[in-house]
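Participant:
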Amino acid sequence: MNRPVRILSIDGGGIRGYIPALVLAEVERRAGVHAATLFDLAVGTSTGAIISIGLSAGIPATELAEFYPRYGARIFGPEADTLSGRGMTFFDRMNNAGRTVGAPFGGNARFGGNARHAAAGLEGVLQEVLGDRSVSNAGLELAVTSFDAEANRPVVISRRDAVADPTWDMPLWAAARATSAAPTYLPPYVREWAGRECRFIDGGVWANNPAGVALAESLPLTAARGLTGDSVVMLSLGTGVPKSSAVFDETGSWLGSAQDLVRMATATTAGHTLAVRALGPSQVTRLQVEDDRVAGKMDDPSPARLGILKAATDELLARSGAAIDAVLARLRAS
């Protein structure tokens, strides 16, 4: 029997990427092998893409779990004194003053001067960790999401495309930078790609949960093996969501605002729903922390914040052993 196509999908979420990194490290520990050997395709958005890219570069998941405590303060360095609105959430700032992420949200696609953090910290870390290896030389099939604010369209940077056309290639560190340029947190990333100048911003503006993208990217792999969706297994890792989600009062009136509509439009459940409807619930394992403690700034790398995220993840892992063992059995199938 042909081995199933094995997919890893990891959500975006800033410093909350510590959650899926810890989960993947536990998967690797239980498997007793490098996590990269368990998957044919790794897909990610923003912080989740950094983990997927690191895995494709041969970095063990146990080391990727240390990425956030080790480099968080360098990535989210001293804040610039800008008009971006300190203390506001990502979605608040996206909706604030109509000037942050380009035409889809009413702002100026070329304006990057209101970024909360300089790009040098993140770029330095990515170059240090990933070196000069290119997307085309990734150790497994790889796809990461971004958004080209110059052309006003979603982008997928993939190993498959980079192998087929060198103009679609770039260093792994550059792909990680392109997917993680979160509006108002980091400036856009500008570079030539696919024969044009692109202004990359965070893929989370259209696919914070990239499971649907992962499904699409898996189609050439299943076709090449003569397989169907029944022969696909996906491990989807979230970056944590609060349990509290009340949006209506007792009279049925809407409690939210325009920011809440943006939250709903980019909800992490959407990609999961698409994957489950396409593959069936038995083919998709979703591991997600649901805990009010994870709410907070996505650019806070303090030991206290990381401690909260780890505690919430430890609780998830304590009750998810059977689910992890079950998906591992399928990932190891030959």
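Residue numbers (the numbering used here): 642 to 975. The beta-carbon is built from N, C-alpha and C at its ideal position, and this holds for glycine as well.
Suppose you measure from the CA of residue 666 to the CA of residue 710; what does that come to, to the nearest Å?
Facilitator: Spanning the alpha carbons of residue 666 and residue 710 requires a straight line of approximately 14 Å.
Participant: Determine the direct distance from the alpha carbon of residue 840 to that of residue 929, and round the result to whole angstroms.
Facilitator: 31 Å
Participant: For residue 644, which option in 925, 883 and 862 has the closest C-alpha, if you only look at C-alpha atoms?
Facilitator: 862
Participant: Note down, in chain order, each residue of its chain lying with its Cβ closer than 7 Å to the Cβ of residue 802, except the 5 sequence neighbours on either side.
Facilitator: Counting only Cβ-Cβ distances below 7 Å, and skipping sequence neighbours, we find 809.
Participant: When DSSP labels each residue in this structure, what does residue 770 get in the three-state scheme?
Facilitator: helix
Participant: Alpha helix (DSSP H) containing residue 831: first to last residue?
Facilitator: Where residue 831 is concerned, there is no enclosing alpha helix (DSSP H), although the beta strand (DSSP E) it sits in stretches over 830-834.
Participant: By how many angstroms is the C-alpha of residue 651 removed from the C-alpha of residue 922?
Facilitator: 18 Å
Participant: Tell whether a beta-carbon distance below 9 Å holds between residue 823 and residue 798.
Facilitator: Not in contact: residue 823 and residue 798 (Cβ atoms no closer than 9 Å).
Participant: Going by beta-carbon coordinates alone, are residue 690 and residue 821 separated by less than 9 Å?
Facilitator: Judged by beta-carbon spacing, residue 821 lies within the 9 Å limit of residue 690, meaning their Cβ atoms are closer than that value.
Participant: By Cβ distance, which residues of its chain are closer than 8 Å to residue 657, with the 5 residues on each side in sequence left out?
Facilitator: 688, 880, 881, 935, 939 and 950
Participant: Tell me the rounded alpha-carbon separation between residue 838 and residue 804.
Facilitator: 20 Å
Participant: Tell me whether residue 663 sits in a helix, a strand or coil according to DSSP, three-state version.
Facilitator: helix
Participant: Residue 739: buried (16+ other C-beta within 10 angstroms of its C-beta) or exposed?
Facilitator: Any reading at residue 739 is ruled out, since the residue's pLDDT is 37, under 50, leaving its predicted position unreliable.
Participant: Which runs of the alpha helix (DSSP H) fall wholly inside the stretch 784-834 and span at least 4 residues, in chain order?
Facilitator: Runs of the alpha helix (DSSP H) inside the stretch 784-834: 800-805 and 813-820.
Participant: So for residue 961, helix, strand or coil by DSSP?
Facilitator: coil
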